[in-house]
Amino acid sequence: MAVPDVVPDVALDAASDAEPSGGEVPRYLRVAAALRDDLVRRALAPGGRLPSERSLAQRYHVNRQTVRSALQLLREERLVVTDRRGTFAADGQAGGPLPPPGPPVAPPAARPVFPGGSRAAEALVRASLGWEPPPAPLAPRLHLTPGEPTLVHRHRVLAPHGRELQRAVSWFSRPALDEIPQLARYRRTRSRVNQPDLRLLYHWMHQAGLRATHRESVRVPAGAAGSAAGGAARLSVHRVVSDQHGHVLEVTDIEFSAQEAAWTYEYSL
Numbered sequence: 002m003a004v005p006d007v008v009p010d011v012a013l014d015a016a017s018d019a020e021p022s023g024g025e026v027p028r029y030l031r032v033a034a035a036l037r038d039d040l041v042r043r044a045l046a047p048g049g050r051l052p053s054e055r056s057l058a059q060r061y062h063v064n065r066q067t068v069r070s071a072l073q074l075l076r077e078e079r080l081v082v083t084d085r086r087g088t089f090a091a092d093g094q095a096g097g098p099l100p101p102p103g104p105p106v107a108p109p110a111a112r113p114v115f116p117g118g119s120r121a122a123e124a125l126v127r128a129s130l131g132w133e134p135p136p137a138p139l140a141p142r143l144h145l146t147p148g149e150p151t152l153v154h155r156h157r158v159l160a161p162h163g164r165e166l167q168r169a170v171s172w173f174s175r176p177a178l179d180e181i182p183q184l185a186r187y188r189r190t191r192s193r194v195n196q197p198d199l200r201l202l203y204h205w206m207h208q209a210g211l212r213a214t215h216r217e218s219v220r221v222p223a224g225a226a227g228s229a230a231g232g233a234a235r236l237s238v239h240r241v242v243s244d245q246h247g248h249v250l251e252v253t254d255i256e257f258s259a260q261e262a263a264w265t266y267e268y269s270l
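Sequence positions in the sequence shown follow my numbering and run 2 to 270.
See below:
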């Protein structure tokens with residue numbers, strides 16, 4: 002039997018759907034956790050239809066894109082299925098047994114995770130989003146005029162005692178801000194955002210109809226031995242993500258400790 006669209010008004014926080022700060026759990030993960038609990042408790046019956054995106058957005062005081070991201074996560078966990086009629090609770094045969102309640106989980110490792118892979122996504126991190134001009138040689142590749150600011154993401158992975166294991170800086174292009182709604186919203190403010198959650202960036206690109214191609218150059222810089230934490234060589238990764246039209250969406254430089262040779266590989270999502 003279908004679940005009606007009239008649901009209790011349950012606010013996750015204040016009415017604003019702005020990016021959470023500090024260590025606050027991202028809103029789409031909180032919506033997913035609430036729906037997951039309903040599925041586990043059978044408040045949403047197996048095979049039953051979930052409320053519409055609009056109703057869920059009103060229920061949790063978030064926007065519809067946040068609801069879509071939450072539902073996508075539940076689809077990847079095989080807890081819900083979506084067809085042209087709507088989204089339904091998995092019936093157990095297609096979705097498998099429901100897991101016990103628990104904290105929100107990160108995206109599956111099979112999906113590329115921004116910016117430094119699934120291991121970095123689970124580690125102790127310090128991240129921020131700012132609005133500043135990229136280095137002059139990079140501006141044309143990002144479809145920017147010299148000195149024009151754009152969104153920049155800085156990301157550090159720390160060991161339990163605070164030692165830096167990895168750092169990354171990502172610059173986003175004008176096409177990326179034009180095409181990806183989750184990035185475009187940061188045009189509303191020029192102030193720095195601490196601890197942003199961009200792990201689903203590549204999923205957001207797919208949602209926006211972009212077929213992303215990653216080209217990554219990995220190398221050990223000359224004379225890098227002993228320069229990184231712990232005396233290991235410094236391994237550098239230069240990533241360029243482009244859409245199906247050849248427009249650069251993101252340029253990321255990642256640096257971490259390793260002892261490897263250099264290689265370049267390319268793949269499409």
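Even glycine gets a Cβ: it sits at the ideal position worked out from N, Cα and C.
Residues near residue i in its chain [Cβ-Cβ closer than 6 Å; skip 5 each side]
| i | result |
| --- | --- |
| residue 65 | 54 and 58 |
| residue 125 | 159 |
| residue 83 | none |
Near the ligand GDP: residue i beta-carbon under 6 Å from a heavy atom
| i | result |
| --- | --- |
| residue 160 | Although the ligand GDP was asked about, the structure shown includes no ligands whatsoever. |
Check whether residue i and residue j have beta carbons under 7 Å apart
| i | j | result |
| --- | --- | --- |
| residue 133 | residue 153 | yes |
| residue 251 | residue 238 | no |
| residue 217 | residue 235 | no |
| residue 253 | residue 129 | no |
| residue 150 | residue 143 | no |
| residue 1 | residue 49 | Outside the modelled stretch of the chain, which goes from 2 to 270, sits residue 1, for which no answer is possible. |
| residue 174 | residue 249 | yes |
| residue 157 | residue 188 | no |
Rounded distance between the beta-carbons of residue j and residue i, thought under 8 Å
| i | j | result |
| --- | --- | --- |
| residue 46 | residue 74 | With a Cβ gap of about 21 Å, residue 46 and residue 74 do not count as contacting. |
| residue 212 | residue 115 | Rounded, the Cβ-Cβ distance is 16 Å, inconsistent with contact. |
| residue 30 | residue 80 | Between residue 80 and residue 30 the Cβ distance is about 14 Å, and since that is not below 8 Å, they are no contact. |
Sequence-distant residues of its chain with Cβ nearer than 8 Å to residue i (five each side left out)
| i | result |
| --- | --- |
| residue 209 | 180, 181 and 182 |
| residue 244 | 176, 180, 206, 211, 212, 213, 214 and 250 |
Classification of residue i by the beta-carbon crowding that lies within 10 angstroms, buried from 16 upward
| i | result |
| --- | --- |
| residue 38 | exposed |
| residue 164 | exposed |
| residue 88 | buried |
| residue 138 | exposed |
| residue 85 | exposed |
Cut-off 7 Å between Cβ atoms - residues of its own chain near residue i, not counting five sequence neighbours on either side
| i | result |
| --- | --- |
| residue 68 | 32, 54, 57 and 58 |
| residue 184 | 152, 173, 177 and 178 |
Ordered list of beta strand (DSSP E) runs contained in the segment 136-171, each at least 3 residues: 151-159
With a floor of 4 residues, list each alpha helix (DSSP H) that falls wholly inside the segment 25-87, ordered by position along the chain. 28-41, 54-61 and 65-77
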